[in-house]
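Chains as they are written, first to last, in our numbering: chain A, 5 to 380; chain B, 67 to 366; chain C, 476 to 876.
Yeah, the Cβ is synthetic: ideal placement off N, Cα and C, and Gly gets one too.
Quick notes on the structure that follows.
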């Protein structure tokens, strides 16, 4: 009984301490409330927390410069754990607390569940990462915008690259069974089959988080594929390239925007060399992207994670829209977003009728010497 | 045929990893009848400690062998310390509570530990240093059996042998078996049951830490969530073999690893887990106490 | 003297925790930039927290010892809840008071609060459903979420393909889930205790994996969206009214469930479950059909899960397999155990605490789940039998004067 329960007190005390140390956001007086929603705990937290950081950085920059038309940005940060059922609570909470625009949600599923609530309230939602095509293309959600290209656009870029530039004819398509990965893989498979130039020799999903991927790697070798198109995120991608290297497999690895992340190169190390991944055009040479990355380093003393730049861009786009529109009225915001071009870390963008960002062109990058190099 | 052998080794590697974690489940279950859901988190903490220690040492320029040894020992020591402390905090006060209460306590502990590592370290994936180098002599067969597969298989075998020795021949091991059979009786013959339970947690945690170190350096990455999935799988393996039985845990793990590997290889990895769980259900229908579990006969 | 001894022990505990948390709390490495940061301040926090926590603990322990010496007083104070539960009059008054609060709740609180409350009510019913299986019949089920998923997907798919409405699918979803309960029940009847637990866990995972991989049937991981909300004689609701409507549906649902479960408990079947839980062999000797009784427990539990699954799909208007993971089963099981197995009031309280806690802990932002896990452990340690333990029915023979 000696040590009994100190754990509980550790947690409670820690909570109290941290609750006090949460940075004081929002300034007294008139503010514009930005909701920030995404997974901030649980297994997908690594995709949600970078967006929170981006929101904090941009909000601080804007507030230091005098706010939007004199109004300060106040952030309302809410966790949705990437679960649809929690996301509806998150959304109602944000809506009833008076969020005027929302950055999020991160996962397509959670976004789909939350959108009807925002739509009802006329709240603008801009996601840095929800890539499910139906979100914009179905026309169900006129209040939804995103700073990332939908799955089908990415898949098309990848498939064209494989067929035209690399000229492969036998291709394995692998995905992580997730919303994003499987969606991407399905489009890749469809485009490959429609092209008639290549054969899909393997189409399978791997289990994310499994302790070992050697069986699927062996299967890829047996299928005789010249290239693997992988739909999913960087943790699985780095495991697969690592195990391909271990099994002495020389198959080319091509993947999506979920993999075009510095973490992929860091985690996979030299195994990542030669792998391809599609991602937004010329980020590296974009000065704003450098500013954004350095701001993160300066503020949080660590590297930014997934979708940080997309979130940063979404924040800039929304701030600009509110500034130009002079209000947070949905129709006014939409008009600005659809007509006014903004410089962001992902490029000079505006939004089309459906809500997809125009100007977030995609290109394919190859990992060379620990860097993503754009393939022209 | 080559393909078959490749899959066989892939399955064995997977199975060995499961075995290292499954042993912890089965030992704890055998002795206090608790499904220790926080065991997966112990494995994760072992991997994290190894990661931190190994990275620190490599920054200070230690040689590879020293890094492996020190990181391995550190992982085992800290995992054991966590295992010990968790038992004292979350399970010991519940020893005479209703059967399901410690289970809920374990689930709570698992959530707590995951978020503790998430907050204290990071939510992101981290590159685990490559502790197992590619051996020259393995090069001709490297496409079938990698160096890390070999190291995992050998380490697991050695660890199993040591464990068997401890359980069979040492004082602690005998006391453990006695406690598992009948706790009250063990107490009566002068065994300090509390110490033996602590020892079980310590040994189980150390095994999980070794598993954590091996698998993390095999796949080259860690994050705070790796314990959950590995834990569920290892637990399944332990039940498959007959929970409470140590050889059963090893057998169950190998069967599970091989099933997954062959299912992926010959059928589809889409349904890899479906195969694993269906196998479990099937085996339990025909052998309700698992492969090597003792059939429970109840006398009235 | 005693104090100094305790202080010394507390110091020991603090030192142990510094050691324990040293690598993870203090050291932070960046393997790419090859930077090591030592965060010594964290060690200090850990030490302070562990030290005070230990002292507080031992203070309470000592007070408890002193109080238990005076046993009678304890009993009095602890039994307030039980006495209310046992007193019919007080219970009726209390129930009506709660009902009145429940009815006026959405008019006094925000839409968000109402929405969260609806979720909590859903979990009350789920908890009561699982309570039949775990609490009454004593069958540990770790895959309860599978039935919940069956209900949710039956509504989503029937609505998507055939445009069937909420009220039509509600019984269908429940019935389908009950059938699944029987399908699962048959093979696992032979299994005991924890083997049963793992098979149900496996079954839950299989259902989720099939939903995830069989894209043609379930639309795979991208899920089904735009599920219609429940209608009311063809009226269209705004968001606020439909949330309120959902809330009232659940209030009625909870009342009906409590009524039925309460009646079940006192029925022949309910008694058979409890007997089965206590001693299978004796139970069979008394002429109870073990197979039928167990199957009844499984299918009835599953039926409630199926109903709530339908409600869930209607409430979120979007579902995907990610909502039906093992963690969800674990949470529902925690509701039952935390509240007090077999006790209806306990399960209701448990659901409110476990579901509302993470929502109201949002103020702690990223420390939310940490606190959640910690509180779960603490509650079990303090009240292992659950918050409100099931009271055994006792019959007393009193001599008339």
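At the C-beta level, residue 354/B and residue 666/C come within 8 Å of one another.
With its beta carbon at least 8 Å from every one in chain A, residue 620/C lies outside the interface.
Excluding five sequence positions before and after residue 789/C, the CB atoms of its chain that fall closer than 8 Å to its own CB belong to 630, 641, 702, 703, 704, 705 and 721, given in chain order. For residue 504/C, the uninterrupted beta strand (DSSP E) segment begins and ends at 502-505. Taking a beta-carbon distance threshold of 8 Å, residue 287/B counts as an interface residue toward chain A.
As the crow flies, the alpha-carbon of residue 821/C is around 20 Å from that of residue 834/C. The shortest C-alpha to C-alpha distance from residue 353/A to any of 150/A, 37/A, 121/A and 133/A is the one to 150/A.
Contact of residue 330/B with chain A by beta-carbon distance below 7 Å involves 219, 220 and 223. The beta carbons of residue 183/A and residue 147/A sit about 21 Å from each other, so the pair does not count as a contact at 8 Å. Taking a C-beta distance under 8 Å as the contact criterion, residue 168/B and residue 160/B qualify as a contact pair. Linking residue 74/B to residue 293/A through their CA atoms gives a straight-line distance of about 47 Å. In the DSSP annotation of this structure, the continuous segment of the alpha helix (DSSP H) that includes residue 766/C starts and ends at 765-791. For residue 805/C, at least one C-beta of chain B is nearer than 8 Å to its own C-beta. Proximity of residue 89/B to chain A, defined by a Cβ-Cβ separation below 8 Å, is not satisfied.
Secondary structure at residue 585/C: coil, using DSSP grouped into helix, strand and coil.
By the Cβ-count criterion, residue 843/C is buried, with 16 or more other Cβ atoms from all chains shown falling within 10 Å of its own Cβ. Short of 8 Å from the beta carbon of residue 307/B, and not among the five residues preceding or following it, lie these beta carbons of its own chain, in chain order: 88, 92, 313, 314, 315, 316, 317, 318, 319, 321, 356, 357, 358 and 359.
Going by C-alpha positions, residue 197/B is about 9 Å away from residue 284/B. Residue 780/C and residue 652/C do touch by the CB rule: their CB atoms are close to 6 Å apart, below 8 Å. Within the DSSP bridge table, the entry for residue 347/A names 352/A as partners. Judged by their CB atoms, residue 611/C and residue 699/C are not nearer to each other than the 8 Å cut-off. Any Cβ of chain A closer than 8 Å to the Cβ of residue 296/B would place that residue at the interface, and such an atom is present. Using a Cβ distance threshold of 8 Å, residue 123/B and residue 111/B do not count as a contacting pair.
Proximity of chain B to residue 243/A at the Cβ level (cut-off 8 Å) is accounted for by 285, 286 and 287, in chain order. When rounded, the separation of the alpha-carbon atoms in residue 566/C and residue 783/C is 27 Å. Contact annotation for residue 195/B against chain C: 506 [CB-CB distance below 8 Å, chain order].
Membership of residue 230/B in the alpha helix (DSSP H) is indicated by the continuous run 213-235.
A Cβ of chain B is located within less than 8 Å of the beta carbon of residue 688/C. Linking residue 289/B to residue 50/A through their CA atoms gives a straight-line distance of about 10 Å. Of 306/A, 295/A, 347/A and 178/A, the smallest CA-CA separation from residue 231/A is found for 178/A. For residue 798/C, the chain A residues whose C-beta falls within less than 7 Å of its own C-beta are 87, 88 and 89, listed in chain order.
Close CB contacts of residue 329/A within its chain, under the 6 Å cut and outside five residues either way in sequence, are with 336, 337 and 340 (chain order). Sequence-distant partners of residue 331/B (beyond 5 residues in either direction) whose C-beta falls short of 6 Å from its own C-beta, in its chain, are 73. For the stretch 169-190 of chain B, the beta-carbon criterion of a distance under 9 Å to any beta-carbon of chain C is satisfied by 169, 170, 171, 172, 173, 174, 175, 176, 177, 178, 179, 180, 181, 182, 183, 184, 185, 186, 187 and 188. In the DSSP assignment, residue 141/A falls within the unbroken alpha helix (DSSP H) covering 138-141. When secondary structure is reduced to three states using DSSP, residue 633/C falls in the helix class.
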